[in-house]
Amino acid sequence: MVKNIKPDISVNIGNLDLKNPVMVASGTFGYAEEFKGLIDLKKLGAIVTKTITVKPRIGNLPPRTCETPSGMLNSIGLENPGIDVFIEEKLPFLKKLGIPVIVSIAAEDSPEEFSVLVSKLDKMDAVSAIELNISCPNLQKDRLISQDAQATFELVSLVRKLTSKILITKLSPNVTCISDIAMAAEGAGSDALALINTLSGMSIDVHKRIPMLGAWEGGLSGPAIRPIAVKMVWEVYNKIKIPIIGMGGIMDTESALEFIIAGATAVSVGTANFINPKASLEIISGLRQYMADNGILSLSNITGRLKACKD
Amino acid sequence: MEKLQVKVRIISNKKLKDNYWHLEFESRLIARNAVPGQFIEVKVNHGTDPLLRRPISIHNVSKSGVRLLYEVVGRGTQILSEKRPGDLLDIIGPLGNGFEYLRKTAKPDSSQAVLVAGGMGVAPLVFLTEKIKFISPLVLVGARKKEQVLCLREFKALGCKLIIATDDGSLGFKGKVTDLLKEILLKKSPADRPINIYACGPQPMLKAVAQLSCENNIASQLSLERHMACGFGACLGCVVPTRAGYKRVCKDGPVFLGKELIW
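Protein chains in written order, with the working numbering: chain A, 1 to 311; chain B, 1 to 263.
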């Protein structure tokens with residue numbers, strides 16, 4: 001074992017340098033202001049904002065969340081103030097933090113909305129990267145863009161022409177073969193992939209015989225979905241070359257490491273932010289500790305280095 | 001004060017009666033700065049099931065302790081009831097906007113405070129009574145039956161006028177606590193002092209209080225309860241419809257004006 005090593009936990013997502021691989025996932029961190037005072041925001045690897053649409057959205061009918069075994073369902077429905085208010089009122093606070101800001105965006109009806117959003121964000125110095133949320137399960141759509149390889153390819157190709165900023169495509173686990181979608185995004189010029197978004201789910205109040213959520217269905221997140229997410233990261237890692245940002249029920253250092261060993265270059269902490277706002281910072285120091293304990297100099301030495309069998 | 005995530009030591013955790021429990025933990029900072037109507041998010045276990053924190057309103061404070069009154073209604077509160085004095089509790093708080101009330105240092109208040117509590121709704125109103133006892137509030141406590149009437153001793157000790165209502169008439173006025181409120185408002189003459197209503201309780205009760213206060217043009221503040229994922233405004237899960245659109249119970253509330261809510 002190497003003693004007193006100073007592990008390097010910095011990573012690159014395309015040409016974006018992150019001082020550490022731990023980000024906070026879209027929709028679980030608002031626009032960071034709510035976490036002021038709870039954690040030192042400047043220590044995060046990056047912040048991914050709540051998804052923004054062209055026009056403001058009031059969101060779905062409450063109740064919007066419901067606890068499930070080791071998880072939760074949500075159907076927030078992309079409540080957000082719209083791109084213009086975001087740029088004016090939310091972005092300045094994020095900019096001041098001095099860490100990479102990744103803006104998550106979605107379209108309500110037409111892919112053209114992505115063009116409008118990307119064109120606006122492309123002009124913003126404060127924006128380091130754009131995450132294409134083509135996988136939100138709460139928009140009452142029959143089919144998501146990320147459930148169709150051709151549609152994914154077309155969408156990513158469309159926005160790729162409009163910006164040189166880092167593009168991250170966020171994928172849905174509600175598909176038959178996630179690597180088909182991943183390869184389509186890569187082929188169209190996505191710089192990285194984020195996976196997974198929530199799994200479509202439902203919960204019922206049997207006493208009243210009504211759905212627990214106002215929108216009936218929602219997206220399942222939390223530790224309950226972690227094994228699915230880890231498997232999908234591993235599967236996609238073996239099919240593509242671009243970096244993966246892994247997420248799905250990361251609660252602590254060990255669960256973050258699962259994703260990294262499965263092939264994720266960076267990880268996103270999501271639902272854990274609601275329960276333990278300090279989770280992401282604990283993971284950052286936990287990763288350093290793990291590397292020091294195991295004599296690992298650089299995180300890239302373990303990324304995707306899953307051993308074939310147990311010793 | 002700015003919210004904190006801290007581990008606090010449990011001073012006591014005792015059954016009051018039936019499924020009702022009192023838990024007191026040590027926190028001089030929260031005890032000194034919390035406002036009635038604010039709440040604490042409690043992590044009841046170390047594991048992931050149950051996953052989420054439980055929001056519990058602040059029932060009262062002492063010099064260095066914060067007291068919670070809770071009802072064991074599910075697994076989360078069941079686990080909480082098994083905590084022992086000396087155990088550490090992971091909490092985030094104080095959270096939310098509490099009741100607006102006149103501080104003692106302000107000029108003498110000429111209005112009559114009427115507190116309306118339904119069932120567990122007594123929890124934050126005891127704390128409020130403590131803060132406004134110098135204006136002798138009138139407290140209306142309602143419950144389904146005698147056994148479920150809570151905190152009578154606390155309200156009496158604080159020297160306020162107390163009227164009880166039970167649905168089955170087993171104690172006090174027979175009927176809803178809002179029927180009692182209606183009678184009081186009917187008897188009120190224009191020459192009387194203006195009334196301020198503070199209420200906490202189940203949704204139908206709060207709706208009736210809001211309607212009564214709007215009909216009678218009386219100011220009311222209602223403390224709402226909702227399932228929450230985070231408790232500090234990040235998830236947008238606990239919203240309620242208001243005249244200004246959806247608002248978060250955890251961050252914009254839990255106390256709202258009766259006139260701003262849509263039922």
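Glycine residues also receive a C-beta, built at the ideal position from the N, C-alpha and C atoms. All values reported here derive from a predicted model rather than from experimental measurement.
A check of alpha carbon separations from Gly233/B across Val236/A, Pro100/A, Glu113/A, Thr28/A identifies Thr28/A as the nearest. Our two residues, Leu125/B and Ser189/B, have alpha carbons roughly 26 Å apart in a direct line. Every unbroken stretch of the alpha helix (DSSP H) spanning 4 or more residues and falling wholly within the region 124-163 of chain B is given here in chain order: 152-157. Within the DSSP secondary-structure output, Cys66/A pairs in a beta bridge with Leu73/A. Just so you know, the alpha carbons of Leu155/A and Phe259/A end up roughly 27 Å apart. Judged by beta-carbon spacing, Gly82/A lies within the 8 Å limit of Thr53/A, meaning their Cβ atoms are closer than that value. Contact between the region 217-236 of chain B and the region 21-39 of chain A is present: 3 or more CB-CB pairs across the two stretches fall below 8 Å. Distance between Val44/B and Val122/B, taken at the CA atoms: about 22 Å. Among the bridge pairs identified by DSSP, Cys200/B is matched with Ala117/B, Ser223/B.
Between Ala143/B and Gly119/B, the gap from beta carbon to beta carbon is short of 8 Å.
Gln5/B is bridged by DSSP to Ile92/B. The three-state reading of DSSP puts Gln112/B in strand, counting E and B together. In the DSSP assignment, Val233/A falls within the alpha helix (DSSP H) that extends over 226-237.
Following the DSSP letters along the chain, one finds Pro55/B inside the beta strand (DSSP E) bounded by residues 54-61.
In this structure, the beta-carbon distance from Phe274/A to Leu52/B falls below 8 Å. Using beta-carbon distances, Lys278/A counts as an interface residue toward chain B, with a partner under 8 Å.
A Cβ-Cβ contact shorter than 8 Å links Ile91/B with Val42/B. For a Cβ distance threshold of 8 Å, nothing in chain A lies close to His59/B: the least Cβ distance comes to about 23 Å. For Lys156/B and Lys90/A, the gap between their C-alpha atoms comes out near 48 Å. Counting along the chain, Val159/A sits inside the alpha helix (DSSP H) bounded by residues 149-160. Lys133/B and Val11/A have their C-alpha atoms roughly 59 Å apart.
The CB of Met72/A comes closer than 8 Å to the CB of Leu51, Leu52, Ala229 in chain B, given here in chain order. Here His22/B is bridged, per DSSP, to Lys14/B, Leu69/B.
When only Cα atoms are considered, Arg103/B and Leu29/B end up about 19 Å apart. Straight-line measurement puts the Cα of Thr265/A at about 8 Å from the Cα of Ser300/A. A Cβ-Cβ separation of about 7 Å places Ala279/A in contact with Asp252/A under the 8 Å criterion. Per DSSP, reduced to three states, the secondary structure at Ile218/B is coil, with no helix or strand assignment. In the pairwise beta carbon analysis, the region 62-77 of chain A is classified as not touching the region 111-129 of chain A: fewer than three pairs are separated by under 8 Å. Among the CB atoms of chain B, one or more fall inside 8 Å of the CB of Asn273/A. Under the three-state reduction of DSSP output, Ile302/A falls in the coil class, being neither helix nor strand. The bridge partners DSSP lists for Ile30/B come to none. Apart from the 5 residues on each side of it in sequence, Asp18/B sits with its Cβ closer than 8 Å to the Cβ of Glu147, Gln148 in its chain, given in chain order. In summary, Gly98/A is exposed, with fewer than 16 beta-carbon neighbours lying within 10 Å of its beta-carbon over all protein chains present.
For Ala292/A, the uninterrupted alpha helix (DSSP H) segment begins and ends at 279-294. According to the DSSP assignment, Arg84/B belongs to no beta strand (DSSP E), since it is labelled neither H nor E. Pairing Gly249/A with Ala229/A gives a Cβ-Cβ distance under 8 Å.
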